[in-house]
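Trainee: Got a structure for you, questions after.
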Amino acid sequence: MQLGPDFYTQQPPQAVAAPVWAARNTALLQSLGWPQELLSDSHLPAWAGNAVLPGSTPLATVYSGRQFGQWAGQLGDGRALWLGEAESAQGPQEIQLKGAGRTPYSRGGDGRAVLRSSVREYLCSEAMHGLGIPTTRALSLVASPEPVRRETTETAAIVARVAPSFLRFGHVEHFSGQASTDRLRQLADHAIQHHLPECHDRAPAWQGNVYAALLDVVQERTARLLAQWQAVGFCHGVMNTDNMSLLGLTLDYGPFQFMDGFDPGHICNHSDHQGRYAYARQPNVAYWNLYALGQALMPLIGDSELTVQVLDGYKTLFPRALGDAMRAKLGLTGALAPESERDKDWQLVEDLLQLLAAERVDYTLFWRRLSQALASGGADLDAVQDLFIDRARWQAWLKRYVQRLNLLPGTDLAQVGQSMLRTNPKFVLRNHLAEIAIRQAKLGDFSEIATLQDLLHSPFDEHPGFEAYAAQPPDWASQLEISCSS
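For the sequence shown, my numbering assigns the number 1520 to the last residue and increments by one with no breaks.
Below, the structure is given as structure tokens:
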């Protein structure tokens, strides 16, 4: 950790009864170059929180944050324990247990996580990685029959999470809120030295101010992350500042959802009564959170005008990143396209999204069918048209789209379609798929978790025989409600 006790409290995990493996991510283990023995039965107690890994000194970190737009004061790792940092083939990686018991920051909670939410976090971490979206990863999932009281009595689970860093906006906000400039500087210097060394290279562009450069790096990473979320139809559900990563990773999978029918106003979090974190609002919420981070860094930056100037970069970066992502989904690749061409392409995108929203067209299915239709040289366009009621409106948009494709040098529809198939996934973690896996897991059958993990690790592949996992959701899926309770 290399930060002093003002930043954390040492805390051992609390044991759970009769732990069993629910899932093990051997692919992640191999990619990190860690020994296979780490996920052997002999290490199950450590990943359950019933023992401590050799050399580990578990601790919980303190942070603050704004929740649903309101300052919540001190928060901290209420059910997460930092086990330490380990070298890997991908650089240093921090390891956390989520759900391993009460900490000094649990605020009266039990420090546990339930099987339901833990299955969702484990699978979505890996789904996002498969999609190429920056995220924390999940190394293992352990289940226990130990009862945990939420709205009803559920059972406990522990997720082992891995990331280069779990630092959040809220860590910065905490020490700024305490007016502890020395600790704030220590934290910022740690983040720059160990995780974001590019800040030093960027500082000259900001009057040599390395802390302004830190804000700039974070806002750029956040802008690119949000563009990827929006392009794939991902709703985070609870974008509080304490759930925002300084490294631009997707962090804390609570009431998330990959949209089924496209609805810009979709609210995936049943607890979000005001719709603050609705899908279409996510980019502006990210900017709001960055502004809060800028305020927290002000004691170090020391120049409000410079801070605002840095944050203005998001207003340019995000639209451009989203435009590039959506153009790629349409097979209109080429980052060096002139601005006039980009503007026309964005109008094409906006008109399409309005059409999808008007009919609540299944978002993932539409993009995949369009990709397949082009990959077939245009032979399968009827399968796309079948998604629409207003076929005349669809045909009018399609005509404009084909005309745009024909302007590409040496246009080969099949080649464009193949590119789109590597951009538009066949499989995402739809709510009903996670729900089926959860229901089986509650019965002690973890096979569906393994099936989904395999599919979601390579979501752009066809996976013959698993077409049902890419089909439109059943009617009962619309009745699922996901809340902050976990």
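The beta-carbon is built from N, C-alpha and C at its ideal position, and this holds for glycine as well.
Every value quoted in this text rests on a predicted model; they were computed, and no experiment measured them.
As a quick exercise: from 1255, 1460, 1225 and 1257, pick the residue whose alpha carbon is nearest that of residue 1244.
Mentor: Start at 1 with the first residue of the sequence shown, and residue 1244 comes out as number 210. The candidate whose alpha carbon is nearest that of residue 1244 is 1225.
Trainee: Taking only the alpha-carbon atoms, compute the straight-line gap between residue 1332 and residue 1114 and give it to the nearest angstrom.
Mentor: Locating residue 1332 in the sequence shown gives position 298, counting from the first residue. Locating residue 1114 in the sequence shown gives position 80, counting from the first residue. Approximately 29 Å, taken between the alpha carbons.
Trainee: Could you tell me which uninterrupted alpha helix (DSSP H) segments, each at least 4 residues in length, are contained entirely in the region 1394-1427, listed from first to last along the chain?
Mentor: The region 1394-1427 contains these whole alpha helix (DSSP H) runs: 1397-1409 and 1415-1419.
Trainee: Fully enclosed by the region 1107-1191, which beta strand (DSSP E) runs are 3 residues long or longer?
Mentor: Listed in chain order, the complete beta strand (DSSP E) runs (minimum 3 residues) inside the region 1107-1191 are 1114-1120, 1127-1132 and 1171-1183.
Trainee: Unbroken alpha helix (DSSP H) runs of length 4 or more, entirely within the region 1312-1384: which are they?
Mentor: The region 1312-1384 contains these whole alpha helix (DSSP H) runs: 1316-1335 and 1338-1363.
Trainee: How far does the alpha helix (DSSP H) with residue 1263 in it extend, from its first residue to its last?
Mentor: If you number the sequence shown from 1, residue 1263 lands on position 229. Looking at the DSSP string, the run of the alpha helix (DSSP H) that includes residue 1263 is 1244-1266.
Trainee: Identify, in the order they occur along the chain, each residue of the same chain with its Cβ nearer than 7 Å to the Cβ of residue 1139, setting aside the five sequence neighbours on each side.
Mentor: In the sequence shown, the residue the question calls residue 1139 occupies position 105. Cβ within range, chain order: 1094, 1096, 1109, 1110, 1111 and 1112.
Trainee: Please give the ranges of any beta strand (DSSP E) in the region 1275-1313, keeping only runs that are unbroken, at least 3 residues long and fully inside the region.
Mentor: Segments of the beta strand (DSSP E) lying fully in the region 1275-1313: there are none.
Trainee: Name the residue from 1073, 1198 and 1451 whose alpha carbon lies nearest to the alpha carbon of residue 1279.
Mentor: Stepping through the sequence shown from its first residue, residue 1279 is reached at position 245. Of the candidates 1073, 1198 and 1451, the one whose C-alpha sits nearest the C-alpha of residue 1279 is 1198.
Trainee: DSSP puts residue 1057 in a beta bridge; with which residues?
Mentor: Here residue 1057 refers to the residue found at position 23 of the sequence shown. Residue 1057 pairs with 1175.
Trainee: How would you call residue 1425, buried or exposed, if buried means at least 16 neighbouring beta carbons within 10 angstroms?
Mentor: Counted from its first residue, the sequence shown places residue 1425 at position 391. Its Cβ having fewer than 16 others within 10 Å, residue 1425 is exposed.
Trainee: What's the C-alpha gap between residue 1180 and residue 1082?
Mentor: For the purposes of this step, residue 1180 is taken as residue 146 along the sequence shown, with counting starting at 1. For the purposes of this step, residue 1082 is taken as residue 48 along the sequence shown, with counting starting at 1. Whole-angstrom Cα-Cα distance: 12 Å.
Trainee: Run through the DSSP bridge pairs and tell me what residue 1042 is partnered with.
Mentor: Residue 1042 sits at position 8 when you count from the first residue of the sequence shown. Paired residues: 1095.
Trainee: Are residue 1124 and residue 1066 touching if we call contact CB-CB under 8 Å?
Mentor: Here residue 1124 refers to the residue found at position 90 of the sequence shown. Here residue 1066 refers to the residue found at position 32 of the sequence shown. Cβ atoms of residue 1124 and residue 1066: closer than 8 Å.
Trainee: Comparing alpha-carbon positions, which option in 1054, 1277 and 1409 lies nearest residue 1320?
Mentor: As a position in the sequence shown, residue 1320 is number 286, starting the count at 1. When each option's Cα is compared against that of residue 1320, the closest is 1277.
Trainee: May I ask you to report which of helix, strand or coil DSSP gives residue 1100?
Mentor: Within the sequence shown, residue 1100 is the residue found at index 66, counting from 1. Strand, per DSSP.
Trainee: Taking the continuous alpha helix (DSSP H) assigned at residue 1223, which residues delimit it?
Mentor: Stepping through the sequence shown from its first residue, residue 1223 is reached at position 189. 1215-1228 is the span of the alpha helix (DSSP H), which, as asked, contains residue 1223.
Trainee: Using CA coordinates, which residue listed in 1474, 1416, 1469 and 1168 is at the minimum distance from residue 1432?
Mentor: Taking the first residue of the sequence shown as position 1, residue 1432 is located at position 398. Comparing Cα-Cα distances from residue 1432 to each of 1474, 1416, 1469 and 1168, the minimum goes to 1416.
Trainee: Using 8 Å as the threshold, is the C-beta distance between residue 1525 and residue 1260 below it?
Mentor: The question about residue 1525 has no answer, for the chain in this structure spans 1035 to 1520.
Trainee: Identify whether residue 1085 lies in helix, strand or coil by the three-state DSSP scheme.
Mentor: Working through the sequence shown from its first residue, we reach residue 1085 at position 51. The answer is coil: DSSP assigns residue 1085 none of H, G, I, E or B.
Trainee: What does a CB cutoff of less than 6 Å around residue 1048 pick up in its chain, not counting 5 residues either side in sequence?
Mentor: Within the sequence shown, the letter at position 14 stands for residue 1048. Answer for residue 1048: 1135, listed in chain order.
Trainee: Under 8 Å, Cβ to Cβ, is there at least one residue of chain B near residue 1126?
Mentor: Of the protein chains in this structure there is only one, and it is not chain B.
Trainee: What's the C-alpha gap between residue 1091 and residue 1118?
Mentor: Stepping through the sequence shown from its first residue, residue 1091 is reached at position 57. Stepping through the sequence shown from its first residue, residue 1118 is reached at position 84. Each residue's Cα considered, the two are about 7 Å apart.
Trainee: Could you check if residue 1005 is buried or exposed, using at least 16 other CB atoms within 10 Å of its CB as the buried criterion?
Mentor: The question about residue 1005 has no answer, for the chain in this structure spans 1035 to 1520.
Trainee: Taking the alpha helix (DSSP H) that residue 1090 belongs to, which residues open and close that run?
Mentor: Locating residue 1090 in the sequence shown gives position 56, where the first residue counts as 1. Note, residue 1090: premise wrong, no alpha helix (DSSP H); not H, not E.
Trainee: Using the Cβ count rule (16 or more neighbours within 10 Å means buried), how would you classify residue 1440?
Mentor: Position 406 of the sequence shown, counted from the start, is the residue given in the question as residue 1440. Burial call: exposed.
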